[in-house]
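**Student:** Each residue of the sequence shown is one higher than the one before, counting from 20 in the numbering used here.
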Amino acid sequence: MTNSVVCKFGGSSVANADQIEKVRRIVTANSQRRFVVVSAPGRIHKSEEKITDHLLNIASNGTHFQEKRKTVTASDSKLAVIDRFTSIINDLEIDGKKLLESLKQDLETKLEGERQIAFLASRGEHYNARVIAAYFQKQGMESRVSLPEDFGLLVTESFLDAKVEEIAYENIAALDGTEMITVVPGFYGVTENGEIAVFSRGGSDLTGGEIAYAIDADKYENWTDVNGDLDSDPGIIPA
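1) Between the C-alpha atoms of Gln-85 and Asp-195, what's the straight-line distance to the nearest angstrom?
2) With DSSP run on the structure shown, which of helix, strand or coil describes Arg-142?
3) When the distance is taken between beta carbons, is Ala-233 closer than 7 angstroms to Ile-191?
4) Touching or not, the stretch 150-169 and the stretch 101-112, by the rule of three or more beta carbon pairs under 8 angstroms?
5) Using only alpha-carbon positions, find the residue among Ser-23, Val-25, Asp-37 that is nearest to Asp-244.
6) Alpha carbon to alpha carbon, how far is Thr-197 from Arg-88?
7) Taking the C-alpha atoms as reference points, what is the distance between Leu-119 and Gly-143?
8) Beta-carbon separation of Tyr-263 and Phe-104 under 7 angstroms?
9) Return helix, strand or coil for Leu-166, following the three-state DSSP convention.
10) In chain order, what residues of the same chain lie with their CB nearer than 7 angstroms to the CB of Gly-263, ignoring the 5 residues before and after it?
11) Taking contact to mean at least 3 C-beta pairs separated by less than 8 angstroms, is the stretch 176-188 in contact with the stretch 211-220?
12) What are the uninterrupted segments assigned as alpha helix (DSSP H) that are 4 or more residues long and contained completely in the stretch 67-133, given in chain order?
13) What does Ile-234 pair with, by DSSP beta-bridge criteria?
14) Between which residues of its own chain and Arg-134 is the CB-CB distance below 7 angstroms, once the five residues before and five after are set aside?
15) Please report the straight-line C-alpha distance between Gly-208 and Thr-90, rounded to a whole angstrom.
16) Which of helix, strand or coil does DSSP assign to Ile-63?
17) To the nearest angstrom, how far is the alpha carbon of Asp-237 from that of His-83?
18) Round the Cβ separation of Ile-70 and Asn-35 to the nearest angstrom and send it over; I've been treating them as touching at under 8 angstroms.
19) Quick check: what's the CA-CA separation for Thr-47 versus Ala-187?
20) Whose CA, out of Gly-222, Val-203, Ile-136, Gln-124, lies closest to the CA of Arg-163?
21) Does the Cβ of Gly-61 have 16 or more other Cβ atoms within 10 Å, making it buried, or fewer, making it exposed?
22) Would you kindly check if the distance between the Cβ of Ser-58 and the Cβ of Ser-165 is under 7 angstroms?
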């Protein structure tokens, strides 16, 4: 399909129901925006920890925040993740009972070493994509969620710094050719053996770029809720 636009929304842009509604309006404003790549929910308040960091804290059994001299147990982090997704689902008024049950099960997953870290770290994007696709459908949009483990975003077995395999581009391209809006979680792929592996931190940008390349998109848009267009990181260089 020609004239496709891939748009990626970062964590702050999908942090809660209000932000997700803004995403919906952006997507519907341009019929060419057929691919939507989403991050895990970001911070709502600066004092909060990111959902991905809570997931890493679960994977590390409560040691992830020690370098910040914070005491946050794995149980605390599980509650934070579940509470955030429960809030988003309730505020969007979608049927999320099965999603929440699945999330709770995933948070109890026990794997070895880096496999455990990668799997849990990916859950923010995984469930946010499923929630957002469900909301789009509730709003009458023809949309679907396409998960890397389903369509074959194949990556190397470097579980915490994965690289995209060449065959993945064919699998991604096969997603094109429909007028439906395709929602894809960023940040992770799947190995040849079916195991979850993540890109380096910030990897949702990589997912968006790889999809844009694979489908030969007309444009790749990287959306943020910061007002205006910035040529540098405002956290490093003042705007």
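Using N, Cα and C, we set each Cβ at its ideal position, and we do this for glycine too.
**Tutor:** To lay it out plainly:
1) Their Cα atoms are separated by approximately 44 angstroms.
2) Of the three classes helix, strand and coil, the one that applies to Arg-142 here is helix, per DSSP.
3) Taking 7 angstroms as the cut-off, the beta carbon of Ile-191 is found closer than this to the beta carbon of Ala-233.
4) They touch, by the three-pair rule.
5) Comparing Cα positions, the closest option is Asp-37.
6) Taking the straight line from one Cα to the other gives about 49 angstroms.
7) Answer to the nearest angstrom: the Cα atoms are 12 angstroms apart.
8) Outside the displayed span of the chain (20 to 258) sits residue 263, for which this structure offers no information.
9) Leu-166 falls in the coil class under three-state DSSP.
10) This structure leaves residue 263 out entirely; the chain is present only between 20 and 258.
11) The stretch 176-188 makes contact with the stretch 211-220: 3 or more CB pairs, one atom from each, lie closer than 8 angstroms.
12) List check, alpha helix (DSSP H) in window: 70-78, 93-111, 116-125.
13) None; Ile-234 has no bridge partner.
14) Contacts found: Phe-178, Glu-214.
15) One alpha carbon belongs to Gly-208, the other to Thr-90, and they sit about 31 angstroms apart.
16) In the three-state reduction of the DSSP assignment, Ile-63 falls in the coil class, being assigned neither a helical nor a strand state.
17) Rounded to whole angstroms, Asp-237 and His-83 show a C-alpha spacing of 40 angstroms.
18) Incorrect: roughly 11 angstroms between the Cβ atoms, too far for contact.
19) Cα to Cα, Thr-47 sits roughly 28 angstroms from Ala-187.
20) Cα-wise, what sits closest to Arg-163 is Val-203.
21) By the neighbour-count rule (16 or more Cβ atoms within 10 Å), Gly-61 is buried.
22) No, the Cβ-Cβ distance between Ser-165 and Ser-58 is not below 7 angstroms.
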